[in-house]
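**Student:** I'd like to ask some things about the structure below.
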Amino acid sequence: MWKAFYLGESQADRSIGEKKPKLSGEDKPSITELSGYSFKREEFDVEYDNDAELVLADMEFKNTDTEAEHQMKLHVLHIYSKRLDERKRRKHFVLERELLYLDPFEKSLLPEELQICQHYKVFMRFHSKEQHQDFLKNIIEEHRLVKRIQDLQEARIAGCVTAGDAYRFIEQKRTKEAESSSCKESGQIGTSAKTLERPNSLKGELDSSPRGLQKGTAALFADSKDSSTAIQAITKSLEEWDISGFEGAEFLSESVRNSQLV
5 MWKAFYLGES QADRSIGEKK PKLSGEDKPS ITELSGYSFK REEFDVEYDN
55 DAELVLADME FKNTDTEAEH QMKLHVLHIY SKRLDERKRR KHFVLERELL
105 YLDPFEKSLL PEELQICQHY KVFMRFHSKE QHQDFLKNII EEHRLVKRIQ
155 DLQEARIAGC VTAGDAYRFI EQKRTKEAES SSCKESGQIG TSAKTLERPN
205 SLKGELDSSP RGLQKGTAAL FADSKDSSTA IQAITKSLEE WDISGFEGAE
255 FLSESVRNSQ LV
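Just so you know, our numbering puts the end of the sequence shown at 266, numbered straight through with nothing missing.
Below, the structure is given as structure tokens:
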């Protein structure tokens, strides 16, 4: 009976005090799940310097060890202890700063502002938790002020003279930027680039050689009723084409320079 009571109590204790990560609305893993941290064991699945114990795997103190070997093994243990201290320090830093959870301040930021915060996280080690939060807030506030000034300057250049005109101009600008961003994500920009690629290639063919000119022009008029007429007109003009002004023409014989294009 006492055994059953003990087992039941121990199993209940396993679920008490452990903060289980919750899935978001889209069932995506949280930062806590991705980190692999176990609140019960207070350990990560993969710790910092995870292979530190390998240097001790085959080490053994023997009575036959010389004094030099004994000192060397003690030195290895001292190094291992330092590595454990660094692992403990980093773990304490992560837990103290609550880096396993999304910062509430970062939830309200735009993607551009969130990227700025990520850029300045390297200075977190030099600040306390409160100091770093104030630091990020000041950085974001400065970024917003600079962006606001730039928007107002652009509105003034565009001819806005009142606050209402400037506000409408800024809103239109943001709408265009959002539409441009959505077009890039959907691949419409890439499709447009492929559509414009053919005229550019035709232009290259027109500039390369007479044959390219005739080939490119034929492609342009492939779906036109006057394609044959256009090709005949261009072919006739090519028969009178003078190549004497091109580089390297002096190496050709007189008969070749005066002959028609082959």
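For each residue, glycine too, the CB sits at the ideal point set by N, CA and C.
It should be emphasised that the depicted structure is a prediction, and the values quoted were computed from it without experimental measurement.
For SER184, write down the residues that DSSP places opposite it in a beta bridge.
**Tutor:** Answer is none; SER184 lacks a bridge partner.
**Student:** Between which residues of its own chain and ARG101 is the CB-CB distance below 6 angstroms, once the five residues before and five after are set aside?
**Tutor:** Cβ neighbours of ARG101 beyond the five flanking positions: LYS133.
**Student:** Excluding the five sequence neighbours on either side, which residues of its own chain have a C-beta within less than 8 angstroms of the C-beta of GLU71, listed in chain order?
**Tutor:** If we look at GLU71 and ignore the five residues flanking it on each side, it has no Cβ neighbours.
**Student:** Quick check: what's the CA-CA separation for ILE143 versus TYR52?
**Tutor:** If I take the Cα positions, the gap works out to 30 angstroms.
**Student:** Who are the Cβ neighbours of ILE174 in its own chain at under 7 angstroms, not counting the five residues just before and after it?
**Tutor:** Same-chain partners within the cutoff: ASP155 and ALA159.
**Student:** Okay, do the stretch 80 to 92 and the stretch 105 to 115 touch, 3+ Cβ pairs below 8 angstroms being the bar?
**Tutor:** No, because fewer than three Cβ pairs between the stretch 80 to 92 and the stretch 105 to 115 fall closer than 8 angstroms, the two stretches do not touch.
**Student:** Which stretch, first to last residue, makes up the alpha helix (DSSP H) that contains HIS82?
**Tutor:** It spans 71 to 100 - the alpha helix (DSSP H) in which HIS82 sits, taken as one unbroken run.
**Student:** Considering Cα atoms alone, identify which of PHE48, PHE139, ARG178 and VAL50 is closest to PHE109.
**Tutor:** The shortest C-alpha separation from PHE109 is found at PHE139.
**Student:** Nearest by alpha-carbon distance to LEU106: which of CYS121, LEU256 and GLN157 is it?
**Tutor:** Answer by Cα proximity: CYS121.
**Student:** For VAL50, which option in PHE65, MET128, MET76 and LYS95 has the closest C-alpha, if you only look at C-alpha atoms?
**Tutor:** Nearest C-alpha to VAL50: LYS95.
**Student:** Just the C-alpha distance for MET128 and ARG152, rounded to the nearest angstrom, thanks.
**Tutor:** Rounded to whole angstroms, MET128 to ARG152 spans 27 angstroms at the Cα level.
**Student:** Within 10 Å of its beta-carbon, does TYR124 have 16 or more other beta-carbons around it, so buried, or fewer, so exposed?
**Tutor:** Its Cβ having fewer than 16 others within 10 Å, TYR124 is exposed.
**Student:** Short check: CB of LEU60 to CB of TYR84, under 8 angstroms?
**Tutor:** A contact, by the Cβ cut-off of 8 angstroms.
**Student:** When the Cα atoms are used, what is the spatial distance from ILE161 to LEU149?
**Tutor:** One C-alpha to the other measures close to 18 angstroms.
**Student:** Any heavy atom of the ligand ATP closer than 7 angstroms to the Cβ of LEU106?
**Tutor:** No copy of the ligand ATP appears in this structure; indeed no ligand is present at all.
**Student:** For chain C, find out if any of its Cβ atoms is closer than 8 angstroms to the Cβ of VAL150; answer yes or no.
**Tutor:** Absent here is chain C; the protein component of the structure consists of one chain.
**Student:** Taking only three categories from DSSP, how would you classify PHE65?
**Tutor:** Of the three classes helix, strand and coil, the one that applies to PHE65 here is coil, per DSSP.
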